[in-house]
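When we follow UniProt numbering, the leftmost residue of the sequence shown carries the number 1, and every step to the right adds one.
Everything on this sheet refers to the single structure shown next.
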Amino acid sequence: MTLTTENLGYWYEPDGPLFENVNLSFESGKLYGILGSSGSGKTTFLSLLTGLDTPKAGAILYKGQSLKEIGLQEYRRKDVSIVFQAYNLLPYMSALDNVLTAMAIAKTQQSDPKAYALANLAQVGITSDLAAKKVTQLSGGQQQRVAIVRALCCDHELIVADEPTGNLDETTSKEIVALFEKIAHEQNKCIILVTHEQEVAASCDAVYELKNKVFQLI
1 MTLTTENLGY
11 WYEPDGPLFE
21 NVNLSFESGK
31 LYGILGSSGS
41 GKTTFLSLLT
51 GLDTPKAGAI
61 LYKGQSLKEI
71 GLQEYRRKDV
81 SIVFQAYNLL
91 PYMSALDNVL
101 TAMAIAKTQQ
111 SDPKAYALAN
121 LAQVGITSDL
131 AAKKVTQLSG
141 GQQQRVAIVR
151 ALCCDHELIV
161 ADEPTGNLDE
171 TTSKEIVALF
181 EKIAHEQNKC
191 IILVTHEQEV
201 AASCDAVYEL
211 KNKVFQLI
């Protein structure tokens, strides 16, 4: 699996380009970091990679096919999962039901969806008792783990996370990044973390820094 950008560009009028002529490549089995200061354009870049927005110039290709050809809605349903900084869990549901709902939307093929979801939640420390609780009763770190499992259980090859450690303490942050590393390497996923934290970026296999409207491999 390869995700590539070809001469990608995006801008807001009348401010000029956030970035342009971006040519990057992302492969399965690796954890990538997109590093940049607040306001640099990295979240906009994430929106383009996940099909939440369309580029002003250039194209994004997934497995050699442009997102435009795949269809943005189809791409989001079948190919990419997003882990949001604010978790974006459904507050009136349990942790388990949040995962099962996402699996149903993605039409995940599992003979026993509940058992599959519970097994994945257990792997990140969310016991069956915790899984039965409303997500609002869980800690920030626990909610982030649920959000990650929700992304995983949809069986997408590509996972993109927006500032996934932004709301967490240092210890929990390290645990979450280690979890992403393990998932990328052991499950052959392509995981892209958008962050402003050098410590998070240091754990990635490759890091692209967005600075002065240019992406550089660091």
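Glycine is no exception: its CB is placed at the ideal position from the N, C-alpha and C atoms.
Predicted model, so just to flag it, every value in this text is computed and none were measured.
- Item | Alpha-carbon to alpha-carbon, residue 136 and residue 167 | 15 Å
- Item | residue 131 in three-state terms, based on DSSP | helix
- Leaving out five residues before and five after residue 50 in sequence, what residues of the same chain have Cβ atoms less than 7 Å from its Cβ? 76, 80, 82, 160
- Task: Pick helix, strand or coil for residue 149, following the three-state DSSP scheme.
- Result: DSSP places residue 149 in the helix class (H, G or I) of the three-state scheme.
- Query: If you draw a straight line from the C-alpha of residue 72 to the C-alpha of residue 15, how long is it?
  - Reply: 27 Å
- Query: Any chance the segment 141 to 155 sits against the segment 21 to 36, with 3 or more Cβ pairs inside 8 Å?
  - Reply: Cβ pair count under 8 Å is below three, so no.
- Name the DSSP bridge partner or partners of residue 83? Paired residue(s): 161.
- Out of curiosity, what's the CA-to-CA distance linking residue 138 and residue 169? 15 Å
- Let me know the alpha helix (DSSP H) ranges lying completely inside the segment 56 to 129, each 4 residues or longer, listed in chain order. 67 to 70, 72 to 78, 95 to 106, 113 to 123
- Query: Can we say the segment 184 to 191 touches the segment 17 to 34, given the rule of at least three CB pairs closer than 8 Å?
  - Reply: Three or more Cβ pairs closer than 8 Å define a contact, and the segment 184 to 191 meets that threshold against the segment 17 to 34.
- Query: Where do the N-terminal and C-terminal ends of the beta strand (DSSP E) with residue 206 fall, by residue?
  - Reply: 206 to 211
- Message: For a test of the three-state rule: what should DSSP assign to residue 30, helix, strand or coil?
- Response: strand
- Message: Using C-beta distances below 6 Å, list every residue in its chain close to residue 153, excluding the 5 sequence neighbours before and after it, in chain order.
- Response: 99, 103, 117, 120
- Item | Beta-carbon proximity list for residue 162, same chain, < 8 Å, skipping 5 on both sides | 43, 46, 82, 83, 84, 85, 194
- Task: Can you tell me which of 105, 89, 115 puts its alpha carbon nearest to the alpha carbon of residue 134?
- Result: Distance from the Cα of residue 134 is smallest, within the candidate group 105, 89, 115, for 89.
- Message: Please report the straight-line C-alpha distance between residue 5 and residue 206, rounded to a whole angstrom.
- Response: 16 Å
- Backbone CA spacing between residue 64 and residue 129 [nearest angstrom]: 43 Å
- Comparing alpha-carbon positions, which option in 204, 13, 214, 165 lies nearest residue 26? 204
- Same chain, Cβ closer than 8 Å to residue 175, five either side skipped, listed in chain order: 141
- Task: Could you name the residues of the same chain whose beta carbon sits closer than 6 Å to that of residue 66, not counting the 5 residues immediately before and after it, in chain order?
- Result: 59
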